[in-house]
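Before any comments, here is the structure.
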Amino acid sequence: MSLVWSLIISLALTEAIELPLLFALGFRGKELIIAALANVVTNPPLVFTYSVLTAFTHLPAWSVILPLELAAVLAEALIYKKATARRLPLLDSLIANAVSYSIGLVITTFIL
């Protein structure tokens, strides 16, 4: 799969999984827009960096994805904290990212 295709698919799946989940967690209106934009800010750089590091180094995939996912969780939590009135932005971000990563892993392992 090409890098561009990976970027598109990853962002689309992330939005499709996280936005309904965040809605279920109480995100509404502007908060959902902010969450979608936070994903646009964090997901493509994460996918690009992961693709480059796993293609050109001998690092195990987990040692690349773990710090990248943690950085995304923290960045999105900071965005939620600064731009919304969410009481637990870190928990919101952690739940959304853990669920979307897990579902994405299942999809890429068994479908793509």
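FYI, this note's numbering numbers position 44 of the sequence shown as 44, with every residue one higher than the one before it. C-beta atoms are modelled at their ideal positions from N, C-alpha and C, and glycine is treated no differently.
Query: DSSP three-state label for GLY29, please.; Result: coil
Query: Can you tell me which of the three DSSP states ALA122 falls into?; Result: The shown model of the chain, from 1 to 112, leaves out residue 122, and the question about it has no answer.
Query: Are at least three pairs of beta-carbons, each pair with one atom in the stretch 55 to 75 and one in the stretch 26 to 37, less than 8 Å apart?; Result: no
Query: On the DSSP letters alone, give me the boundaries of the alpha helix (DSSP H) that SER100 sits inside.; Result: 89 to 110
Query: Where does THR49 fall in DSSP's three states?; Result: helix
Query: Can you grab the Cα-Cα spacing for the pair ASN43 / ARG87, in whole Å?; Result: 23 Å
Query: Spatial neighbours of TYR50 within its chain, please: CB distance less than 7 Å, with the 5 preceding and 5 following residues excluded, ordered by chain position.; Result: VAL64, ILE65, LEU68
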